[in-house]
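Accompanying notes for the structure given below.
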Amino acid sequence: MGTLTGCSFTPVLFNFLLSIPRSDASRERIRFPELRKSRKSCFLCRESLYKLKRTGSCTNFGEFRCFSANNDSNGNGESSESSRDSNAKGTKTALPEQPAEEFDSDKTAPPASVSSRPQNISPVRPVYNNFQVDSFKLMELLGPEKVDPADVKLIKEKLFGYSTFWVTKEEPFGDLAEGILFLGNLRGKREEVFAKLQSQLVEVTSHKYNLFMVEEPNSEGPDPRGGPRVSFGLLPKEVSEPGPTTLWQYVIALLLFLLTTGSSVELGIASQLNRLPPEVVKYFTDPNATEPPDMELLFPFVESALPLAYGVLGVLLFHEVGHFLAAFPKKVQLSIPFFIPNITLGSFGAITQFKSILPDRSTKVDISIAGPFAGAALSLSMFAVGLLLSLNQDAAGDFVQVPSMLFQGSLLLGLVSRATLGYAAMHAATVSIHPLVIAGWCGLTTSAFNMLPVGCLDGGRAVQGAFGKNALIGYGLTTYTLLGLGVLGGPLSLPWGLYVLICQRNPEKPCLNDVTDVGTWRKTLVLLSIFLVFFTLLPVWDELAEELGIGLVSTF
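Those letters in the sequence shown? Residues -25 to -1, 1 to 531, by mature numbering (1 follows the signal peptide of the UniProt record, and there is no 0).
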């Protein structure tokens, strides 16, 4: 079997011959069996031979023993007696018997030492130096913990068999191949077999590993009993289970929440555009403005901006409460939410991670859609109440003036606003509306963005749980294409797409039972949600807006 020493090049004899005057007699008579044997030694032994050669101590070569697999040894590192005897004899009779005249045919000046050579010539290093070997060992030490082969053998003997699952093949499993995937033939109902294997795994290995039931990769066909063919993956708990939330994560979450609060207040101030001082409006609307205005001019408008900020933060709070209420009965732990500030909508939502392994795909769907549904319910309530209050002209003092073209940002919300406020109100340059309309509009838009079927967003998790990972890939590519073309989200498509690519592009990890179907009603609910998301984020083009009377279309 080849080892590290089998790939190295030892130039000791070659360099020595270069330092000797060329003579046919010398080339015929000089032999170095010790140096030839060093070619089969490990690189540590060769290093010792190099040092001795540089110092001229050639007669001590036989005192070194090499335990390399390529050396003349017996496999367990012990050299045979004959090897040592022959080595010793070769050492004693190597060079002292050679006459001095044979080193120089002209008899001018014999060399000071047989092994001497110019000091500026360094030997060729081995293929892997000490630093590289140490790096390999460090990578193996710091890498993820892998399944113990003894445990694999025990699990195959105790868990799998004729009555549960007959193993025919093993493959690496996990992101870094730290687990084992057992492929074979199922011998019973998959849910019953999986429950039996889980209980037996705890008895055999305690709580050392997690067992996953997944669809067999590259399966040639469905299972004869119905449904896809299944395989069982084994991963150590330290690798498969998420780690706890650290102190730094709590600090980052707090800072992001403060920034989100500030962006929500900024949205409330921007909604009062008709009341702001002219120099402030000019700075934020005129692209040629360079001198920033005095920010103290905005302080009187902070108090009136708080109701809108409370509305945006309330939607975010309801969204996260929905996730936690759905996860609590399933005993699924969630991380602290990391809010993402945005000056246009107040916030892009929050990143909430699973801190425990999900038991099945139904749980993944329920928890994923609970948050957007809760946030959308509150947002829709504020949006509807705000539209109704906007019809009351007696409370016009609390209204804000917004451009009518704002309602062209969403086909669904624009149609609802047009049906409620009427053609005359919507076909003007500006529209007087209650601040709750803006809060509801932003909340519904944020909920729709988070329900997009891509990556690790709520919509991506729901699609992955309802239809599988392969379906999520197709939905994700379609979503990225529509965002890149600006078909969805309008001017917010680019920043939202970048946010997803940076923070939420990876799909969710598989559940313990990643095979059992979620049922028809869950699939229908997910499809209906995606349908509503599409029409919420679809802008109204000018021709349709003019025909429907949504906003005043400028013509040139």
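Virtual Cβ for every residue (Gly too), placed ideally from N, Cα, C.
Give me the Cα-Cα distance between Gly524 and Tyr398, rounded to the nearest whole angstrom.
Roughly 6 Å separates the two Cα atoms.
If we count the other Cβ atoms within 10 Å of its Cβ and call it buried at 16 or more, is Tyr184 buried or exposed?
If you draw a 10 Å sphere on the C-beta of Tyr184, you find 16 or more other C-beta atoms in it, and that means buried.
Extract the residue ranges of the alpha helix (DSSP H) inside the region 136 to 223, only unbroken runs of 4 or more that lie entirely within it.
Within the region 136 to 223, the complete alpha helix (DSSP H) runs of at least 4 residues are 165 to 180, 212 to 215.
Going by DSSP in three states, Gly464 sits in which element: helix, strand or coil?
Gly464: coil per DSSP, three-state reduction.
Distance CB(Phe135)-CB(Val142) smaller than 7 Å
A contact, by the Cβ cut-off of 7 Å.
Helix, strand or coil for Ala403 per DSSP?
The DSSP-derived three-state label of Ala403 is coil.
With contact counted as at least three CB pairs below 8 Å, one residue from each stretch, are the region 345 to 357 and the region 284 to 293 in contact?
Touching, yes, given that three or more Cβ pairs across the two stretches are closer than 8 Å.
May I ask you to verify whether the region 375 to 387 touches the region 401 to 416, counting CB pairs closer than 8 Å and requiring at least 3?
The region 375 to 387 vs the region 401 to 416: in contact.
Just how far apart, CA to CA, sit Glu190 and Gly208?
Their Cα atoms are separated by approximately 10 Å.
Could you spell out where the alpha helix (DSSP H) holding Asn481 opens and where it closes?
It is not in any alpha helix (DSSP H) - Asn481 carries neither H nor E in the DSSP assignment.
How many Å lie between Gly440 and Ser279 at the Cα?
In a straight line, the C-alpha of Gly440 is about 43 Å away from that of Ser279.
Residues in the same chain with beta-carbon distance under 7 Å from Asn317, minus the five sequence neighbours each way, listed in chain order, please.
Cβ-Cβ distances below 7 Å link Asn317 to Ser238, Phe323 in the same chain, with the five nearest sequence neighbours on each side left out; the list follows chain order.
Top-ranked residue by Cα proximity to Pro282, from Val429, Leu458, Leu242:
When each option's Cα is compared against that of Pro282, the closest is Leu242.
May I have the straight-line CA-CA distance separating Phe510 from Tyr455, to the nearest angstrom?
Straight across, the Cα-Cα distance linking Phe510 with Tyr455 is about 16 Å.
Could you check how far apart the C-beta atoms of Leu512 and Leu463 are, in whole angstroms? I think they sit under 8 Å.
Confirmed, about 4 Å.
Residues bridged to Asn317 [DSSP beta-bridge criterion]
Note: Asn317 sits in a beta bridge opposite Gly321.
Given this structure, state the Cα-to-Cα distance separating Val490 from Leu172, to the nearest angstrom.
Rounded to the nearest angstrom, the two C-alpha atoms are 15 Å apart.
Measuring straight from C-alpha to C-alpha, what distance separates Phe299 and Ala520?
In this structure, the CA atom of Phe299 is about 40 Å from the CA atom of Ala520.
Outcome for Pro485 when other beta-carbon atoms lying within 10 angstroms are tallied against a minimum of 16:
Residue burial annotation: Pro485 is buried, with at least 16 other C-beta atoms found within 10 angstroms of its C-beta.
With a threshold of 16 other CB atoms inside 10 Å of the CB of Phe358, please say whether the residue is buried or exposed.
So Phe358 ends up on the buried side.
Among the candidates Leu469, Gly434, Pro197, whose CA atom is the shortest distance from the CA of Leu503?
The candidate whose alpha carbon is nearest that of Leu503 is Gly434.
Could you give the first and the last residue of the continuous beta strand (DSSP E) run that contains Pro378?
First-last of the beta strand (DSSP E) with Pro378: 375 to 378.
Give the DSSP-derived three-state secondary structure of Leu513 in the structure shown.
Coil.
Which whole-angstrom value describes the C-beta separation of Gln383 and Pro514, a residue pair presumed to lie in contact below a C-beta threshold of 8 Å?
For a cut-off of 8 Å, the C-beta gap from Gln383 to Pro514 is around 6 Å, short enough to register as a contact.
Got a sec, what are the start and stop residues for the alpha helix (DSSP H) Leu387 sits in?
It spans 386 to 396 - the alpha helix (DSSP H) in which Leu387 sits, taken as one unbroken run.
Below 7 Å between beta carbons: does that hold for Ala301 and Asp335?
It is not a contact, given that the beta carbons lie outside the stated cut-off.
For Phe329, which beta-bridge partners are listed by DSSP?
Leu309.
What are the residues that DSSP puts in a beta bridge with Asp335?
Residue pairing for Asp335: DSSP places it in a beta bridge opposite Asn488.
On the criterion of 16 or more Cβ atoms from any shown chain inside 10 Å, does Ser194 qualify as buried, or is it exposed?
In the assembly as shown, Ser194 is an exposed residue. Its beta-carbon has fewer than 16 other beta-carbons within 10 Å.
Opposing strand residues paired with Leu408 [DSSP bridges]:
A quick correction: the sequence has Ile, not Leu, at residue 408. According to DSSP, Ile408 bridges with Val375.
Excluding the five sequence neighbours on either side, which residues of its own chain have a C-beta within less than 6 Å of the C-beta of Ala152, listed in chain order?
Closer than 6 Å at Cβ, skipping near neighbours: no residue.
For Cys417, which three-state DSSP category applies?
Cys417: helix per DSSP, three-state reduction.
Since Asp126 is in the alpha helix (DSSP H), which residue starts that stretch and which ends it?
Counted as a single uninterrupted DSSP element, the alpha helix (DSSP H) harbouring Asp126 occupies residues 124 to 133.
What does the Cβ neighbour count give for Leu362, buried or exposed, with the cut at 16 atoms within 10 Å?
With 16 or more Cβ atoms within 10 Å of its Cβ, Leu362 is classed as buried.
Any idea what DSSP makes of Pro304, helix, strand or coil?
When DSSP states are grouped into helix, strand and coil, Pro304 belongs to the coil group.
How would you write the range of the alpha helix (DSSP H) that Val438 sits in, first residue to last?
433 to 442 is the extent of the alpha helix (DSSP H) around Val438.
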